[in-house]
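Data first, discussion second: the structure below is written as structure tokens.
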Amino acid sequence: MRPGAAIGRIGTVSTLPVPEALRGWVERIEVTTYRPDRFPLVHAPDPATVLLWRTTADGQGDVLVMGPRTRARYPAPKELPVCVRWRLGAGAARALVGTSPDELVDQVVPLGELWGRDADPFTGPASPDRLTAALTARAQAAQENALVRRASVELSRPQVRVAAAARRMGVSERHLRAVFTAAVGLSPKQFARLTRLRRILPDVRSGSLARLAGEAGYYDQSHMTAQFREFMRVTPRAFAEGRVPTAAC
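Per full-length UniProt numbering, the sequence shown starts with residue 1, numbered consecutively.
Right under this line is the structure:
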């Protein structure tokens with residue numbers, strides 16, 4: 001018996017392939033059938049969060065979220081024609097389920113309590129495929145968010161080049177540009193230019209412009225001045241002297 005499996009009269013047990021986009025997020029997808037038995041089911045302790053889609057003998061279906069289990073559970077035996085279990089990888093529950101795993105420890109929660117109306121589509125016969133698709137979308141969104149967070153750090157470095165930043169992150173420049181722009185609203189290049197500008201603003205009034213340009217990663221002072229004027233609408237010198245265009249709020 002597999003660790004953590006249910007004991008009782010179990011029919012067939014099969015494993016479905018984990019889609020490539022979910023590898024690392026979902027450890028295993030299993031399909032099982034349960035038949036009534038005089039012995040209760042046994043759910044052994046398990047550190048993983050599990051999503052369970054099940055159909056009952058009357059044809060109804062629902063999805064449960066089973067949090068990390070620190071004590072064995074012994075549900076009463078029942079007939080469950082089909083159960084599909086998604087065993088989530090460590091660290092995947094927050095992104096895929098939408099809540100912190102520490103709030104799910106020793107809990108069994110209907111998915112609808114966590115997803116609201118977004119859980120409504122998962123009650124029909126095609127629900128396992130739809131739920132896998134929904135989990136895939138959440139995993140991809142989480143990956144993109146992680147990429148954007150890392151990119152924001154990379155793009156804040158002096159003398160950063162978008163192509164070089166993309167290579168360090170293992171993605172194409174085109175993919176980085178598409179994901180970052182959709183998430184932030186600015187292209188990676190524009191984000192980097194504005195971040196570099198904001199880095200020098202506190203010292204424009206007191207520092208050497210040539211030194212500031214070098215430390216911030218501009219080619220030279222004229223390069224810094226051109227970009228400063230583009231974004232601030234005045235030269236660094238005018239800004240330092242308070243000669244800025246005013247407008248009514």
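All C-beta atoms, glycine included, are put in the ideal place defined by N, C-alpha and C.
Keep in mind the model is a prediction, meaning the values are calculated, not measured.
So for residue i, helix, strand or coil by DSSP?
{"i": "D102", "result": "helix"}
{"i": "G202", "result": "Note that residue 202 is Pro in the sequence shown, not Gly. Three-state result, P202: helix."}
{"i": "S172", "result": "coil"}
{"i": "L88", "result": "strand"}
{"i": "S14", "result": "strand"}
{"i": "D129", "result": "helix"}
{"i": "D62", "result": "strand"}
{"i": "T32", "result": "strand"}
{"i": "P68", "result": "coil"}
{"i": "R54", "result": "strand"}
{"i": "D120", "result": "helix"}
{"i": "P188", "result": "helix"}
{"i": "I7", "result": "A caution first: I7 carries a pLDDT of 47, below 50, which makes its placement in the model too unreliable to give a value."}
{"i": "R161", "result": "coil"}
{"i": "R229", "result": "helix"}
{"i": "P245", "result": "coil"}
{"i": "V234", "result": "coil"}
{"i": "V42", "result": "coil"}
Buried or exposed, going by whether 16 or more other CB atoms sit within 10 Å of the CB of residue i?
{"i": "V160", "result": "buried"}
{"i": "R2", "result": "Bear in mind that a pLDDT of 47 at R2, under 50, signals an unreliable position, so the number given afterwards is only what the model happens to contain. So R2 counts as exposed."}
{"i": "P236", "result": "buried"}
{"i": "T246", "result": "exposed"}
{"i": "V244", "result": "exposed"}
{"i": "H223", "result": "exposed"}
{"i": "P47", "result": "exposed"}
Is the beta carbon of residue i sitting closer than 7 Å to the one on residue j?
{"i": "L212", "j": "D220", "result": "no"}
{"i": "F61", "j": "S14", "result": "First, the residue type needs correcting, since residue 61 is Gly and not Phe in the sequence shown. Result no, Cβ atoms of G61 and S14 do not sit closer than 7 Å."}
{"i": "I29", "j": "L16", "result": "yes"}
{"i": "A142", "j": "A182", "result": "no"}
{"i": "L147", "j": "P188", "result": "no"}
{"i": "V65", "j": "V109", "result": "yes"}
{"i": "L111", "j": "R85", "result": "no"}
{"i": "R210", "j": "R199", "result": "The amino acid occupying residue 210 in the given sequence is Ala; Arg does not appear at that position. Taking 7 Å as the Cβ cut-off, A210 and R199 do not qualify as a contacting pair."}
{"i": "T99", "j": "L88", "result": "no"}
{"i": "F122", "j": "L135", "result": "no"}
{"i": "E173", "j": "V162", "result": "yes"}
{"i": "V97", "j": "P68", "result": "no"}
{"i": "E144", "j": "V179", "result": "yes"}
{"i": "A192", "j": "L176", "result": "no"}
{"i": "A164", "j": "R205", "result": "no"}
For residue i and residue j, which I take to be in contact (beta-carbon distance under 8 Å), what is that distance rounded to the nearest angstrom?
{"i": "P45", "j": "T70", "result": "6 Å"}
{"i": "T33", "j": "V82", "result": "6 Å"}
{"i": "M169", "j": "R150", "result": "6 Å"}
{"i": "A226", "j": "Q140", "result": "With a Cβ gap of about 39 Å, A226 and Q140 do not count as contacting."}
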